[in-house]
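Same order as they appear, the protein sequences are chains P and E.
According to numbering that gives the first Met the number 0, the first sequence is numbered sequentially starting from 0.
According to numbering that gives the first Met the number 0, the second sequence is numbered sequentially starting from 0.
Written below as structure tokens is the structure these notes are about.
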Amino acid sequence: MRESTVTVPDNHPAAPVEWPAPPARRRPTEPRHGGRWRPSRAVAWLVLILMMVATLLPFYWILRTALSTNAALFTGDQSALPPEPTLVNFRRVLGLASAEEVRAAGGSGAELEFWLYLRNSIIFSTLVTVGQVTSCAMAAYAFARLRWRGRDAVFYLFLSALMVPPIFVVIPNFVLLSELGLLDTFAGLAAPYFFMTPFMVFFLRQFFLGISTELEDAARIDGAGHPRIFLRICVPMMAAPLTTAAILAYVIAWNEFMWPLVAGNDPSVRVLTVGLSVFRSGQPQAAPDWTGLMAATVLGALPVILLFLLMGRRIVDSIRFTGLR
Amino acid sequence: MNENRSSRGSRGTRQEHRPARWRHLRQRQGLVAGVFLLPAGFGFAVFYLWPALRGLWMSFTDYSLLRGSGELVGLQNYRDLAADALFWHSMYVTTVYVVLNIGSQTVLALVMAVLMDRLTRSALVRSVLVLPWLIPQVVIGMLWLWMLDPRLGVVNHLLELAGIGRQGFLGSPDQVVPTLAGINTWRFTGYTALLLFAGLQMIPRYLYEAAALDGAGEWRTFWRVTLPLLRPVLALVLVLSVVGSFQVFDLVQVATGGIGGQPGGPANASLVIYVYIFRQAFSFHHAGYAAAMAVVLAALLAVVTFLIMRGLRGSRSDLA
């Protein structure tokens, strides 16, 4: 399509326009002051590494606990490696262990329907991501690429929603959903995030502002309508930032807690974060099932960690105030 | 798609077609924008604008979630609120939490960002540091609940080895708020540092070279060059983190009150404003009263934002 309908000006790069490189790339890696302060550089590295270790150690510790048995924990063993390594806790949480195994492992009987909650989290996060990125990309196009009266006023109105504390709208939204009979449904759960979040509109508008309009102008002159320009030029050119936006939307939806807690507490739509908190509060005070809790905790964070391992770079590079000064 | 169109795109003919076409397109853009804004506009109207107005209205009623209705009661909720000792207590608790959290978090993040700026731009380092930010707060809460457990937690074990002795942490009325602030600092420092790091990258290198030529040391350069030029970004980061910190909820809901206990405990020592509003709305069904508290909170956050931006002259850069 590109070669016939859209005539690319000669000086225009034929390859998809690269999203502006992270600012880090501008600066060479060599130390700014050459070899002037070697010892202090070593100290600085030491501090940075200590910070990284402090960030990671707690994650190691939950993994270590999840791989231990409750019996070993209650002896007060604090060795760095799990005392009697076992996968029984993961099998318990995943519902793969037999009843005797559960009892032997010191399971408290508090049930975590992990697979159900996992499914619910996936449905909720996927719905939110697909809807939000689509409709916010369209809105961003209207704000960044079209000229119409009142555009900036409407944009700032959208942005002003950032200033409203979520709890302020959670209460009326809860009332609205109960009036519509949508409490404890996926539709009701996803609705407030499905159409827009102010952050996503802002985030995507910044990207639309950042890419050149030459291709679009060329397409426009060739008679392409706005839907076609949007779908055939903007979306492909924006593939990278749209992916980043989708990842962020997914992670944020996955971590959502307060809204699913009030609007989706029924087990049929309960998401993992709410399920974990219910699992926790169902524990007996005398002997909580720590290893089971920690195995559930690890599994609850696992999807986000996997996503991060695959796409971490995008997320990390997206964290800054894009042109917002 | 057809030859006719592509030939029209060549430079000569394009100029002739432009004026008429563009005027035509300009006129249609309002309509097109309307269509493109339809889904997001619907979401904004139904799930942001309308609930915000309705919340404001609810704050003047005795709306109950049980009855599903409410009568106008004028300013009664606001009068009740002014006389509610627990409301003022929760405001106090929240403020202490915010001050402790923002203080430690901002200083540590600044150190982290400057170190990264000087040492490395490795994505791995940044990924590791930002990891806790991506993990659900519920998970973070459970993790620290376990690590800080009075009997079996590893932190207390280490403290005992160090000769300091066991601490109550989340179970102690005196320590619960500082502990929560510490946990949140652990969670958010990396993210905050990344925002500051991005700001540091915008400072032109020649300014550092000039400072070095003038014989300024690291310390002096930081105070005289880095910090002043980072100010606008720092102001935004502060707004973001202070406003976020005032709204702490998930962590308190999960990590306080002990196993199986009432969130906000022990004895309401960690009853931050969000937890109190939530309790009034969804445990006591006093939605009208909860809405009034939310209005006060929203107003407070607007004032705080204004003060930070004003105080740090956050909207103006010294670079420009």
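Glycine included, each C-beta is placed from N, C-alpha and C at the ideal position.
| Which residues bound the alpha helix (DSSP H) around Pro259 of chain P? | Its alpha helix (DSSP H) spans residues 257 to 262.
| Distance, Cα to Cα, Pro197 of chain P vs Ala192 of chain E? | 23 Å
| Would you say Ile307 of chain E and Met292 of chain E are within 8 Å of each other, going by their C-beta atoms? | Going by C-beta atoms, Ile307 of chain E is not nearer than 8 Å to Met292 of chain E.
| query | Is any beta-carbon of chain E found at less than 8 Å from that of Cys135 of chain P? | reply | yes
| field | Distance CB(Ala139 of chain P)-CB(Val234 of chain P) smaller than 8 Å | value | no
| request: Closer than 7 Å by beta-carbon distance: list the chain E residues that pair up with Trp60 of chain P, in chain order. | output: For a Cβ distance threshold of 7 Å, residue set Met146, Val153 of chain E lies close to Trp60 of chain P, ordered along the chain.
| message | Between the alpha carbons of Gly310 of chain E and Leu235 of chain E, how many angstroms are there, rounded? | response | 12 Å
| said: Taking the alpha carbon of Ile246 of chain P as the reference point, which residue from P:Arg313, P:Ala53, P:Pro82, P:Arg146 has its own alpha carbon closest? | reply: P:Arg313
| query | Would you report the Cα separation of Glu178 of chain P and Ala297 of chain E, rounded to the nearest angstrom? | reply | Approximately 25 Å, taken between the alpha carbons.
| Going along chain E in order, which residues have a C-beta closer than 7 Å to the C-beta of Tyr140 of chain P? | Phe35
| task | Mind the definition here: the region 46 to 56 of chain E touches the region 165 to 178 of chain P only if three or more C-beta pairs lie below 8 Å; say whether that holds. | result | yes
| said: I need the boundaries of the alpha helix (DSSP H) containing Ser103 of chain E, first residue and last residue. | reply: 84 to 118
| Expressed to the nearest angstrom, what Euclidean distance is found between the alpha-carbon atoms of Val95 of chain E and Arg219 of chain E? | 32 Å
| message | What does the Cβ neighbour count give for Tyr190 of chain E, buried or exposed, with the cut at 16 atoms within 10 Å? | response | buried
| the region 175 to 196 of chain P: which residues have C-beta closer than 9 Å to a C-beta of chain E, in chain order? | Leu175, Ser177, Glu178, Ala190, Pro191, Tyr192, Phe193, Phe194, Met195, Thr196
| Alpha carbon to alpha carbon, what distance is there between Asp116 of chain E and Gln200 of chain E? | 7 Å
| query | Along the region 155 to 171 of chain E, what residues have a CB closer than 7 Å to any CB found in chain P? | reply | His156
| said: Quick check for students: name the residue ranges of the beta strand (DSSP E) that lie wholly in the region 135 to 209 of chain P, counting only runs of 3 or more. | reply: none
| message | Here's the rule I'm using: 16 or more other beta-carbon atoms within 10 Å means buried, otherwise exposed. How should Val42 of chain P be labelled? | response | exposed
| message | Please report the distance separating the alpha-carbon of Ala53 of chain P from that of Val46 of chain P. | response | Approximately 10 Å between the Cα atoms of the pair.
| Interfacial residues, the region 42 to 61 of chain P to chain E, with Cβ spacing under 8 Å | Ala43, Trp44, Val46, Leu47, Met50, Met51, Ala53, Thr54, Leu55, Pro57, Phe58, Trp60, Ile61
| Close-in-space but distant-in-sequence residues of the same chain around Ile228 of chain P (CB under 7 Å, 5 per side omitted) | Glu215, Ala218, Arg219, listed in sequence order.
| message | Within 8 Å, do at least three Cβ pairs link the region 56 to 64 of chain P to the region 285 to 297 of chain P? | response | yes
| request: Buried or exposed for Trp114 of chain P, please, with buried defined as at least 16 other CB atoms from any protein chain shown within 10 angstroms of its CB. | output: exposed
| field | Cα-Cα separation between Phe307 of chain P and Ile251 of chain P, rounded to whole angstroms | value | So the two alpha carbons sit approximately 13 Å from each other.
| field | Sequence-distant residues of its chain with Cβ nearer than 6 Å to Arg186 of chain E (five each side left out) | value | Pro131, Ile139
| Which residues in the same chain have their Cβ closer than 7 Å to the Cβ of Val241 of chain E, if we skip the five residues on either side of it in sequence? | When the five nearest sequence neighbours on each side are left out, the beta carbons in the same chain lying within less than 7 Å of the beta carbon of Val241 of chain E are those of Val97, Ile101, Val303, Ile307, in order along the chain.
| query | Which of the residues in the region 35 to 57 of chain E, read from start to end, lie with their CB under 7 Å from any CB of chain P? | reply | Phe35, Leu36, Pro38, Ala39, Phe41, Gly42, Phe43, Phe46, Tyr47, Pro50, Ala51, Arg53, Gly54, Met57
| Integer Cβ distance of Ala39 of chain E from Cys135 of chain P, believed to fall under 8 Å | 6 Å
| query | Among all the DSSP beta bridges, which residues are the ones paired with Ser63 of chain E? | reply | The partner list for Ser63 of chain E (beta bridge, DSSP) reads E:Ser68.
| message | Run through chain E and tell me which residues come within less than 7 Å of Asn172 of chain P, C-beta to C-beta. | response | Phe46, Pro50
| In or out: Gly34 of chain P buried (at least 16 other Cβ within 10 Å) or exposed? | Only weak support exists for where Gly34 of chain P lies, its pLDDT of 49 falling under 50; the value from the coordinates is given anyway. It is exposed - the Cβ of Gly34 of chain P has fewer than 16 other Cβ atoms within 10 Å.
| Can you tell me where the alpha helix (DSSP H) with Met50 of chain P in it begins and where it stops? | 37 to 65
| field | Euclidean distance between Cα positions of Leu158 of chain P and Ala152 of chain P | value | 10 Å
| field | Minimum Cβ-Cβ distance from Val124 of chain E to chain P less than 8 Å | value | yes
| task | Could you check what DSSP says for Val302 of chain E in three-state terms: helix, strand or coil? | result | helix
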